[in-house]
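K.L.:
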């Protein structure tokens, strides 16, 4: 039985077929009417997530924190922020998730801590004490001058002077987030201990935040250094040896060709099992806006192969903005030139929006994007609320606009909390189009044609076809530039996906000669289509329409 | 076997009936008086032969075509559409071998073997990887040639119409091989056939890398224009389907290929008297066109003034090998970028002139004309709408400018910096289009007329 308790069967590659769901603790459900979502509140919503078809929850940081960076500024790796609950609550939540067959991964920020962390307080006040070398201290602010400043809007240097220790400390992100000194073996041990703390409780893995920056070295840009990979390999060895079936998901917002090094050895895959594929998402938006498959085809073609035990994570939206960070290095890059030319796309950079408002609340486009998310290579990561088409509130500022409370019912506070509405940590969306009176889980569960039901159905179909999770992808040729078609292939499991990126109806003639004699069966309704011959296979699609077909060898009559 | 073979006589009779029904046959509607057949074996089992067919017309002119045929002992039902006819000798059922799928792998065998017999020679390119043996599938949309696609890797183009000399498509792709230009598809090999006494070899076919999953530039441009017209009152730079980025990259690709052509094939510059000849040619074509299309008359003076300006150019006009028939239908977008196809030149012109030197601005002008066509294509069948016309001009202007910017960025010189040449080439091309449209698609005549009106006005 092991540590998981009932409901979770051993499976070393569970993450390759899982549907992930990112849920923010403070925004999901409030169990104690204090206006902030909490862990006990989430326990009450697990049946809903199980019904939807979620396999794994991803929780961004819920640790003790001054909350100056959305909880990514951790002040204690081994304690839950009291407003969210306790370790006991978390144990109960984890057991309840596992009972329902759902795994849980949590964010872990290794690179830096909050300046409120006890380690930093000890380090600054007692340079010769046990924590004196836990951070990167220097008498000058001139070292590692080739490292770029990531948050150029708020930071002027990667060094900040500490008036107490009277030295400069190194930070790749905010100046209230000092970088840990990974050269110090005690730091490495302390981090391993913190990771073990959560693994012992029984979590199923970590999303490792900001991994490219763990080590520094003079004369380099201090990113992706060999020492960082050595450390990740040792971390993976420890996890595999002591905690089988646990996932390491790497967040490295870089070009796919550079991200693959975080999978480790190409044959063994001995670092992280998963990494986010960042450039797919902006290209889906650009492809549909341009009504052209080439922005998407290009990035699929540029995505290198990954070790067989590894998997990409793909998403449409998450708590971060539509970002071009990883493409601005190369001015000749497709996206750079296209975004630079397009005022509307440019305006979306740096603004956090939810999926529905980004797509003008167009149901056809919401379905097309979700179908792409569920059929492109990689494990899909849904963002809470997008399954019902929730809106955002851009007046709350970029950080909070997409973190408003989940909308459960048309009742007070959208069913999120029974607190006095004035007490909510963020106001629920209440406009006429996206407000909780119109958009909520209860209403959509009563209506089987709702976006929620549709999303659930598509997740179900995806799970019936392992090729959508594990298959290879090859694009299918056609002359029509607005229709993106590809075959996912995994043994005998063949699925053909045809996506009309245009708002107008389109014909397409697919070159399916390789599958001569196969019969396509449409996957949502099991309607059998004509047998594939040598001639181009003709289909017509509605505007923003798509098909998923299973291809099977035609039985002799 | 050679001409006059008794077995070929029956075949000549069949072909006399069959040829005029073929799309690639140029002599439709003309009186066929003689059909002569020469035969070159391609394979014994299955039996496939290449026939060089010389047809004589009642007016005394001759044309030569290539016709590969397969023979079968029994009628094959799935091939009914490919049946050429039945002969008294065995095997008696004669099929169009380009559509007889089972016999198509023969072409790959001949390339792989470097077949060289009876004047028919196959030249695989050194180091090229030939596709795996398998059937080839005919492309149904072609006009003057016939092509087979092998798997997802290679395309074989059969040059139906035969003329002595190396086909420029093969010549150019072969020459560009050493440049490794990313904007052309790799040549895998070609086949040639000995000429009649005193004549050069002719080019039978070329085998080239096939770009699966590519779309032609025309389809992409039309998708962009369609998107623009569906928006009430947005400008081309505001709509989602903006094409300027693609046009810019197409300009870059064009300049890159022009540079490589100049590096590996002859170049020169036009002397003053050659320039005068060129102007005379443009004037002549204009005069002839006005006879056919009286709507051109009001613009004739302005256009002649524009042509005449060429003689005042003081800088020498650089010439080189060019594409020669350049438009959006000749470029393919793949997920690596733009690829330029079909360096055959204008198919109606004789082969020798297609292999001559010309200004690269000739190609630039061709593509600019194509942008105008794309902008106006959706308007010709619709009731007049001044607002849409205005916006179509905006689309054309934006994409023409982006193409030239991309060209300038890659070439180091700006095509719009030579307005005399560029305008004259555009006008010359539009005059040709006007005649073509008046004869074939009168309701499209407005497209070249719109450009000619503008060019004539600017000149006067």
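Protein chains in written order, with the working numbering: chain A, 1 to 557; chain B, 1001 to 1460.
From the three backbone atoms N, C-alpha and C, an ideal C-beta is built for every residue, glycine too.
A quick note: this is a predicted structure, and the numbers were derived from the prediction, not measured.
Is it right to say residue 1390 of chain B is buried, meaning 16 or more other beta carbons lie within 10 angstroms of its own, or is it exposed?
P.N.:
As a working mapping, residue 1390 of chain B is identified with position 390 in the second chain. It counts as exposed.
K.L.:
Using the Cβ count rule (16 or more neighbours within 10 Å means buried), how would you classify residue 124 of chain A?
P.N.:
The residue you call residue 124 of chain A lines up with position 124 of the first chain. Buried: at least 16 other Cβ atoms inside 10 Å.
K.L.:
Leaving out five residues on either side along the sequence, give the residues of the same chain with a beta carbon under 7 Å from the beta carbon of residue 359 of chain A.
P.N.:
As a working mapping, residue 359 of chain A is identified with position 359 in the first chain. 365, 366 and 369, listed in sequence order.
K.L.:
Around the C-beta of residue 1402 of chain B, are 16 or more other C-beta atoms found within 10 angstroms, so that it is buried, or is it exposed?
P.N.:
One-based indexing of the second chain puts residue 1402 of chain B at position 402. Buried is the call here.
K.L.:
Assuming residue 170 of chain A is part of the beta strand (DSSP E), what are its boundary residues?
P.N.:
The sequence position of residue 170 of chain A within the first chain is 170, counting from 1. Its beta strand (DSSP E) spans residues 167-170.
K.L.:
What's the C-alpha gap between residue 1015 of chain B and residue 1082 of chain B?
P.N.:
For the purposes of this step, residue 1015 of chain B is taken as the residue at position 15 of the second chain. For the purposes of this step, residue 1082 of chain B is taken as the residue at position 82 of the second chain. Distance between the alpha carbons of residue 1015 of chain B and residue 1082 of chain B: 13 Å.
K.L.:
Based on Cα-Cα distance, which residue from B:1068, B:1027 and B:1071 lies nearest to residue 1059 of chain B?
P.N.:
Taking the second chain and counting its residues from 1, one reaches residue 1059 of chain B at position 59. If we check each option's Cα against that of residue 1059 of chain B, B:1027 comes out closest.
K.L.:
Residue 306 of chain A and residue 280 of chain A - do their beta-carbons sit closer together than 7 Å?
P.N.:
Against the first chain, residue 280 of chain A aligns to sequence position 280. Against the first chain, residue 306 of chain A aligns to sequence position 306. No, the pair does not count as a contact, with Cβ atoms beyond the cut-off.
K.L.:
Report yes or no: do the segment 452-471 of chain A and the segment 499-515 of chain A share at least 3 C-beta pairs separated by less than 8 Å?
P.N.:
In short, these stretches do not touch, since the Cβ pair count stays below three.
K.L.:
In chain order, what residues of the same chain lie with their CB nearer than 8 Å to the CB of residue 1352 of chain B, ignoring the 5 residues before and after it?
P.N.:
Here the question's residue 1352 of chain B lines up with position 352 in the second chain. Contacts found: 1165.
K.L.:
So, helix, strand or coil for residue 44 of chain A, using DSSP?
P.N.:
The residue given as residue 44 of chain A occupies position 44 in the first chain. Coil.
K.L.:
Do residue 248 of chain A and residue 278 of chain A have their beta-carbon atoms positioned less than 7 Å apart in this structure?
P.N.:
In the first chain, the residue the question calls residue 278 of chain A occupies position 278. In the first chain, the residue the question calls residue 248 of chain A occupies position 248. Cβ distance not < 7 Å, so residue 278 of chain A and residue 248 of chain A don't count as in contact.
K.L.:
May I have the straight-line CA-CA distance separating residue 1134 of chain B from residue 1105 of chain B, to the nearest angstrom?
P.N.:
Sequence index remark: in the second chain, residue 1134 of chain B carries index 134 (1-based). Sequence index remark: in the second chain, residue 1105 of chain B carries index 105 (1-based). If I take the Cα positions, the gap works out to 5 Å.
K.L.:
Evaluate residue 538 of chain A with the Cβ neighbour count: other Cβ atoms within 10 Å of its Cβ, from every protein chain shown; 16 or more gives buried, anything less gives exposed.
P.N.:
Against the first chain, residue 538 of chain A aligns to sequence position 538. Answer is exposed; the Cβ neighbour count stays below 16.
K.L.:
Just to confirm my understanding: we take residue 1345 of chain B, look at its own chain, exclude 5 residues before and 5 after, and list those with CB closer than 7 Å. What are they?
P.N.:
By one-based count along the second chain, residue 1345 of chain B stands at place 345. Taken in chain order, the residues that qualify are 1168, 1324, 1325 and 1354.
K.L.:
Does the distance from the C-beta atom of residue 1188 of chain B to that of residue 1173 of chain B stay below 7 Å?
P.N.:
Here residue 1188 of chain B corresponds to residue number 188 of the second chain, with the count starting at 1. Here residue 1173 of chain B corresponds to residue number 173 of the second chain, with the count starting at 1. Result no, Cβ atoms of residue 1188 of chain B and residue 1173 of chain B do not sit closer than 7 Å.
K.L.:
Who are the Cβ neighbours of residue 91 of chain A in its own chain at under 8 Å, not counting the five residues just before and after it?
P.N.:
For this step, residue 91 of chain A is matched to residue 91 along the first chain. Only 201 and 202 meet the Cβ criterion.
K.L.:
Under three-state DSSP, which class holds residue 1157 of chain B?
P.N.:
In the second chain, the residue the question calls residue 1157 of chain B occupies position 157. Looking at residue 1157 of chain B - three-state DSSP - the assignment turns out to be strand.
K.L.:
Would you please verify whether the beta carbon of residue 375 of chain A is less than 7 Å from any beta carbon of chain B?
P.N.:
Numbered from 1 along the first chain, position 375 holds the residue referred to as residue 375 of chain A. Closer than 7 Å: no.
K.L.:
Quick one: what does DSSP say residue 1316 of chain B is sitting in, helix, strand or coil?
P.N.:
Looking up residue 1316 of chain B in the second chain gives position 316. If DSSP states are grouped into helix, strand and coil, residue 1316 of chain B belongs with coil.
K.L.:
Suppose you measure from the CA of residue 1264 of chain B to the CA of residue 1405 of chain B; what does that come to, to the nearest Å?
P.N.:
As a position in the second chain, residue 1264 of chain B is number 264, starting the count at 1. As a position in the second chain, residue 1405 of chain B is number 405, starting the count at 1. In a straight line, the C-alpha of residue 1264 of chain B is about 25 Å away from that of residue 1405 of chain B.
K.L.:
Which of the residues in the segment 1318-1333 of chain B, read from start to end, lie with their CB under 8 Å from any CB of chain A?
P.N.:
Those residues of the segment 1318-1333 of chain B that come within reach of chain A (Cβ to Cβ, closer than 8 Å) are 1333.
K.L.:
Of all the residues that make up the segment 458-483 of chain A, which are near chain B by a beta-carbon distance shorter than 8 Å?
P.N.:
Those would be 475, 476, 477, 478, 479, 480, 481 and 482, in chain order.
K.L.:
Closer than 7 Å between beta carbons: that is the criterion. Which residues of the segment 293-311 of chain A meet it against chain B?
P.N.:
From the segment 293-311 of chain A, only 294, 297, 298 and 301 have a Cβ closer than 7 Å to chain B.
K.L.:
Within 10 Å of its beta-carbon, does residue 331 of chain A have 16 or more other beta-carbons around it, so buried, or fewer, so exposed?
P.N.:
One-based indexing of the first chain puts residue 331 of chain A at position 331. For residue 331 of chain A, the pLDDT reaches just 34, beneath the cut-off of 50, and the residue's location in the model is therefore unreliable, although a value from the coordinates is still provided. The residue is exposed, with fewer than 16 neighbouring Cβ atoms inside 10 Å.
K.L.:
What ranges does the beta strand (DSSP E) occupy inside the segment 161-205 of chain A, keeping only unbroken runs of at least 3 residues that lie completely in it?
P.N.:
Entirely contained in the segment 161-205 of chain A, the beta strand (DSSP E) runs reaching 3 residues are, in chain order, 167-170.
K.L.:
Pull up the distance between the alpha-carbon of residue 1256 of chain B and that of residue 156 of chain A, whole angstroms please.
P.N.:
By 1-based counting over the second chain, the position of residue 1256 of chain B is 256. By 1-based counting over the first chain, the position of residue 156 of chain A is 156. For residue 1256 of chain B and residue 156 of chain A, the distance between alpha carbons rounds to 42 Å.
K.L.:
Find the residues of chain A that neighbour residue 1241 of chain B, judging by a C-beta separation of less than 7 Å, and give them in chain order.
P.N.:
In the second chain, the residue the question calls residue 1241 of chain B occupies position 241. Under the 7 Å cutoff, chain A gives 290 and 291.
K.L.:
Please tell me whether residue 1096 of chain B has its Cβ less than 7 Å away from any Cβ of chain A.
P.N.:
Here residue 1096 of chain B is taken as the residue at index 96 of the second chain, counted from 1. By this cut-off, residue 1096 of chain B is not an interface position.
K.L.:
Find the nearest neighbour of residue 425 of chain A within the set A:290, A:19, A:11 and A:30, judged by alpha-carbon distance.
P.N.:
By one-based count along the first chain, residue 425 of chain A stands at place 425. Of the listed residues, the one whose Cα sits closest to residue 425 of chain A is A:30.
K.L.:
Alpha carbons only, please: which of A:272, A:54, A:210 and A:79 is nearest the one belonging to residue 66 of chain A?
P.N.:
Sequence index remark: in the first chain, residue 66 of chain A carries index 66 (1-based). Among A:272, A:54, A:210 and A:79, the Cα nearest to that of residue 66 of chain A is on A:79.
K.L.:
Could you check what DSSP says for residue 1183 of chain B in three-state terms: helix, strand or coil?
P.N.:
On the second chain, position 183 is the one that residue 1183 of chain B refers to. Of the three classes helix, strand and coil, the one that applies to residue 1183 of chain B here is coil, per DSSP.
K.L.:
Taking a Cβ distance cut-off of 8 Å, strictly less, list which residues of the segment 1207-1221 of chain B are near chain A, in chain order.
P.N.:
The residues in question are 1212, 1213, 1214, 1215, 1216, 1219 and 1220.
K.L.:
Please determine if the segment 377-387 of chain A and the segment 15-29 of chain A are in contact, where contact requires at least 3 C-beta pairs separated by less than 8 Å.
P.N.:
Touching, yes, given that three or more Cβ pairs across the two stretches are closer than 8 Å.
K.L.:
In three-state DSSP terms, what is residue 326 of chain A?
P.N.:
One-based indexing of the first chain puts residue 326 of chain A at position 326. Bear in mind that a pLDDT of 47 at residue 326 of chain A, under 50, signals an unreliable position, so the number given afterwards is only what the model happens to contain. Looking at residue 326 of chain A - three-state DSSP - the assignment turns out to be coil, as it is neither helix nor strand.
K.L.:
Give the DSSP bridge partners of residue 315 of chain A, in chain order.
P.N.:
The residue given as residue 315 of chain A occupies position 315 in the first chain. Partner(s): A:381.
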